[in-house]
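As structure tokens, the structure follows; a few thoughts come after it.
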DNA sequence: CATACAGCACAAAACGTTTTAGTAAAAGGT
DNA sequence: ACCTTTTACTAAAACGTTTTGTGCTGTATG
């Protein structure tokens with residue numbers, strides 16, 4: 075038997091040589107039989123397969139990777155998480171769902187998914203340089219991680235485009251302009267006339283394009299535009315601050331607020347309640363990304379479900395296609411789902 | 075220069091041979107200089123280091139792994155997520171924080187962390203078999219994943235013990251018995267006399283030990299024990315169902331409910347409000363795990379913060395210690411933090 | 001009957017490291 | 001002057017695969 079030293083040492087895994095010996099063929103033949111490559115006779119192939127199965131043989135991933143120049147592992151780098159430095163960020167919901175779906179999709183293709191917190195750190199594991207390709211979540215303008223990967227000509231797919239790289243089209247994500255207008259149209263149809271826009275401060279495509287869409291929409295409808303920027307990390311507290319400014323300030327009070335993040339929206343809602351501004355009667359609220367906070371607030375907040383599972387799946391699949399040499403041009407635009415809830419008078 | 079084919083082909087990464095040639099030494103010397111192994115003169119060592127730095131040389135992880143028999147990657151398998159099959163489970167909050175901290179800790183030790191959704195599936199990536207060790211989150215009784223790993227003598231650390239493996243002590247987690255009693259003591263000190271216990275249905279140590287602690291505590295204080303089991307995945311809906319049974323049923327109405335999961339607790343709170351049972355006046359609520367739902371409910375719900383970050387860090391560090399041959403006996407018991415909030419009359 | 005051409009199997013090279021087992025020169029001890 | 005040890009370095013083996021190139025059969029083709 076393989077791996078049996080006379081001393082009863084730890085059972086080492088069977089190698090291709092063990093299979094070859096046991097099946098009475100060469101290692102080449104085993105390799106060919108297992109990978110469906112060479113010209114082995116059906117009989118031999120079956121015999122090899124049987125032996126390999128009996129020995130529970132699996133090719134050593136590193137040996138295979140070394141020879142083929144591929145590792146069978148994809149890297150995942152979520153930029154907003156890096157920025158915060160903590161893994162309890164705004165949108166934890168989105169990221170976990172995204173990462174989970176990405177991991178499962180990779181799995182379905184026989185690949186692993188490795189979390190790489192921040193690729194620009196100097197002390198990242200050796201292994202991070204060895205993965206076959208990267209998924210980079212929500213890059214900021216001229217993202218340094220992206221620069222590094224592209225310079226090293228590592229295949230990479232992003233979630234949302236890099237605002238500073240218009241020619242890079244290997245990304246997956248929603249059509250932010252279109253989706254933003256959809257929400258604004260909804261608010262308008264529910265009677266809103268002065269809609270304020272609450273954006274984050276990250277310089278990524280989601281914020282940039284949504285704000286642009288908001289301004290263009292306001293101009294086209296001849297209504298005043300009012301934009302506030304609150305750091306994503308400020309969460310509900312930040313939303314409440316903004317609400318105070320919007321509802322108690324000198325300027326005419328808005329009758330609707332569209333917040334990019336769910337937590338900001340929840341903060342606006344909480345502050346509105348404190349100020350006795352009734353939602354949805356006196357104020358409509360909507361969010362650009364669905365989250366625990368929007369689903370479970372009272373009243374529940376209308377929000378765009380950015381489909382993290384579908385996005386994670388699509389990102390990994392696009393990356394795999396690139397690795398396989400598929401050059402069909404991106405991006406892959408995914409529709410979001412507008413969840414209409416009580417905060418806009420829907421149910 | 076290295077990697078420069080006459081055709082301007084893709085720039086391949088520099089190998090140890092490139093460094094050796096450039097520095098005018100053998101590959102052995104380069105390897106020794108870089109790893110601080112052999113007996114190279116200081117001058118040579120510095121020269122090699124300088125060249126390696128200039129060429130941005132990094133050892134190919136697979137080649138190194140193949141030779142050393144180690145991959146530099148740890149695997150992470152969260153059992154509750156496997157069970158649900160979706161990555162939007164109860165406690166998404168806990169898992170993301172845990173996974174993030176684990177990834178960062180691995181990183182700090184120069185290792186990668188790979189997500190492996192379910193190790194018992196037949197189609198898991200080749201690579202999953204190649205990682206150096208595993209962290210398994212919340213194993214169920216006689217967990218098949220654990221069986222598989224231990225049979226293959228893969229180093230493994232769990233979060234929470236396997237209830238069916240009393241002799242396996244390589245785990246990290248809270249002292250569930252002690253923490254449960256702490257919460258019950260708090261409820262009692264706030265006036266509760268009939269405390270109901272709402273557990274999940276997963277057969278893991280957390281549920282098992284907490285319920286045992288509850289029953290023992292009730293017996294010792296001479297108060298009736300009442301336990302309901304609701305699937306973790308039922309979430310707030312499940313908590314609401316349980317609340318209906320507890321608050322409208324024939325049996326004497328409890329004046330406090332202790333829920334294992336934060337989402338169950340949020341569901342109980344929501345249903346209590348619907349039934350006009352005031353919290354905390356008529357009913358105290360506490361949760362055995364902190365979550366978005368407990369922090370942001372109104373009133374906020376008292377909960378045990380199980381310290382996912384510290385737990386993730388400790389789990390990875392224990393695994394790394396095992397890999398390094400450290401045999402100090404486990405387990406590592408981590409204190410939880412009792413967050414007292416309005417649902418028990420605290421603030 | 002020689003030639004070509006599948007079909008089948010294999011030996012050896014290659015992937016990029018680390019480790020083993022050296023060698024030659026210098027230093028140290030009598 | 002001779003042996004021994006240390007220092008500084010290296011050639012080659014090894015890790016477990018895949019891939020390349022080659023040889024050997026036997027059958028079809030000229």
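Protein chains in written order, with my numbering: chain A, 75 to 421; chain B, 75 to 421.
Yeah, the Cβ is synthetic: ideal placement off N, Cα and C, and Gly gets one too.
Could you pull out every residue in the same chain whose Cβ sits closer than 6 Å to the Cβ of residue 112/A, ignoring the five residues on either side in sequence?
For the purposes of this step, residue 112/A is identified with residue 38 of the first chain, where counting begins at 1. Answer for residue 112/A: 106, listed in chain order.
Listed in chain order, which residues of the region 128-160 of chain B have Cβ atoms closer than 8 Å to some Cβ of chain A?
132, 133, 134, 135, 136, 137, 138, 139, 140, 145, 146, 147, 155 and 160
Closer than 8 Å, CB to CB, is residue 316/A near chain B or not?
Locating residue 316/A in the first chain gives position 242, counting from the first residue. False, the Cβ-Cβ gap to chain B never drops below 8 Å.
Can you find the residues in the same chain that come closer than 6 Å, C-beta to C-beta, to residue 367/A, ignoring five residues on each side of it along the sequence?
Within the first chain, residue 367/A is the residue found at index 293, counting from 1. Once the five neighbours on either side are set aside, the close Cβ partners of residue 367/A are 336, 337 and 340.
Excluding five sequence neighbours on each side, which residues of the same chain lie with their C-beta closer than 8 Å to the C-beta of residue 163/A?
Numbered from 1 along the first chain, position 89 holds the residue referred to as residue 163/A. Any answer about residue 163/A is weak, because its pLDDT of 42 lies below 50 and its placement is not dependable; what the coordinates show is given next. Contacts found: 154, 155, 169, 306 and 307.
Which residues mark the beginning and the end of the alpha helix (DSSP H) in which residue 232/A is found?
As a working note, residue 232/A is residue 158 in the first chain. Here residue 232/A belongs to no alpha helix (DSSP H); instead the beta strand (DSSP E) covers 230-233.
Quick check on residue 133/A: buried or exposed, where buried means 16 or more other Cβ atoms within 10 Å of its Cβ?
Taking the first residue of the first chain as 1, we reach residue 133/A at position 59. Looking at its Cβ environment, which holds 16 or more other Cβ atoms inside 10 Å, residue 133/A is buried.
Answer with buried or exposed for residue 151/B, where buried requires no fewer than 16 other C-beta atoms within 10 angstroms of its C-beta.
Residue numbering aside, residue 151/B sits at position 77 when the second chain is read from its first letter. Buried is the call here.
Would you call residue 275/B buried or exposed, if buried means 16 or more other Cβ atoms sit within 10 Å of its Cβ?
The count along the second chain starts at 1 and reaches residue 275/B at position 201. Classification of residue 275/B: exposed, given that the 10 Å Cβ count is below 16.
So, at 7 Å on beta carbons, what are the nonlocal neighbours of residue 91/A in its own chain, with the 5 sequence-adjacent residues on each side left out?
Your numbering for residue 91/A matches position 17 in the first chain. Once the five neighbours on either side are set aside, the close Cβ partners of residue 91/A are 101.
Coil, strand or helix - residue 162/A by DSSP
For the purposes of this step, residue 162/A is identified with residue 88 of the first chain, where counting begins at 1. For residue 162/A, the predicted structure reports a pLDDT of 48, less than 50, and the residue's modelled location is therefore unreliable. A value from the coordinates is still provided. Residue 162/A: coil per DSSP, three-state reduction.
Per the DSSP calculation, residue 407/A is bridged to which residue(s)?
Numbered from its first residue, the first chain carries residue 407/A at position 333. Partner(s): 247/A.
Separation of residue 395/B from residue 186/A, as counted between CA atoms:
To locate residue 186/A, count along the first chain from 1; it is residue 112. To locate residue 395/B, count along the second chain from 1; it is residue 321. Those two C-alpha atoms are separated by around 24 Å.
Which chain A residues are close to residue 187/B, counting only those with a beta carbon under 8 Å from its beta carbon?
Reading the second chain from its first residue, position 113 is the one you call residue 187/B. Within 8 Å Cβ-Cβ: 188 and 189.
So, using beta-carbon positions, are residue 373/B and residue 316/B closer together than 8 Å?
Along the second chain, read from residue 1 onward, the residue named residue 373/B stands at position 299. Along the second chain, read from residue 1 onward, the residue named residue 316/B stands at position 242. Contact flag unset, no.
How about the region 310-329 of chain A and the region 242-255 of chain A: do they share at least three Cβ pairs that are nearer than 8 Å?
no
Contacts that residue 204/B makes with chain A (C-beta to C-beta distance below 8 Å):
As a working mapping, residue 204/B is identified with position 130 in the second chain. Correct list: 134, 135 and 136.
From this set, 177/A, 228/A and 419/A, which residue's C-alpha is nearest residue 86/B's C-alpha?
The sequence position of residue 86/B within the second chain is 12, counting from 1. Cα-wise, what sits closest to residue 86/B is 228/A.
Any chance the region 277-285 of chain B sits against the region 213-226 of chain B, with 3 or more Cβ pairs inside 8 Å?
yes
Counting along the chain, where does the beta strand (DSSP E) carrying residue 188/A start and finish?
As a working note, residue 188/A is residue 114 in the first chain. Counting along the chain, the beta strand (DSSP E) containing residue 188/A begins and ends at 186-189.
Residues of chain A with CB under 8 Å from residue 367/B, in chain order?
The residue labelled residue 367/B in the question sits at position 293 within the second chain. Per Cβ cutoff of 8 Å: 366 and 370.
Measure the C-alpha to C-alpha separation of residue 235/B and residue 203/B and round it to an integer number of angstroms.
For the purposes of this step, residue 235/B is taken as residue 161 along the second chain, with counting starting at 1. For the purposes of this step, residue 203/B is taken as residue 129 along the second chain, with counting starting at 1. One C-alpha to the other measures close to 23 Å.
DSSP-derived helix/strand/coil call for residue 415/B
The residue you call residue 415/B lines up with position 341 of the second chain. Looking at residue 415/B - three-state DSSP - the assignment turns out to be coil, as it is neither helix nor strand.
Euclidean distance between Cα positions of residue 405/B and residue 286/B:
Here residue 405/B is taken as the residue at index 331 of the second chain, counted from 1. Here residue 286/B is taken as the residue at index 212 of the second chain, counted from 1. Roughly 20 Å between the two C-alpha positions.
Give me whichever residues DSSP pairs with residue 300/A in a beta bridge.
The residue you call residue 300/A lines up with position 226 of the first chain. DSSP, once it has assigned bridges, lists 270/A as partnering residue 300/A.
Would you mind telling me which residues of chain B sit closer than 9 Å to residue 47/A, beta carbon to beta carbon, in chain order?
Coverage of chain A is limited to positions 75 through 421, which leaves residue 47/A absent and any answer about it impossible.
Looking only at its own chain, which residues have a Cβ that is under 8 Å from the Cβ of residue 257/B, when we skip the five neighbours before and after it?
As a first step, residue 257/B must be located in the second chain, where it is residue number 183. So the list reads 332, 360, 362, 376, 378 and 412, once near-sequence residues are dropped.
Any beta carbon from chain B within less than 8 Å of residue 201/A's own beta carbon?
Locating residue 201/A in the first chain gives position 127, counting from the first residue. At least one chain B Cβ lies under 8 Å of residue 201/A.
Beta-carbon contacts of residue 242/B that lie in its chain and below 8 Å, excluding the five residues immediately before and after:
On the second chain, residue 242/B is found 168 positions in, with the first residue counted as 1. So the qualifying residues of the chain are 220, 224, 232, 235 and 236.
Would a C-beta distance cut-off of 8 Å place residue 148/A and residue 210/A closer than the cut-off?
Within the first chain, numbered from 1, the residue matching residue 148/A stands at position 74. Within the first chain, numbered from 1, the residue matching residue 210/A stands at position 136. Not in contact: residue 148/A and residue 210/A (Cβ atoms no closer than 8 Å).
Secondary structure of residue 150/A, DSSP reduced to three states
Position 76 of the first chain holds residue 150/A. Strand.
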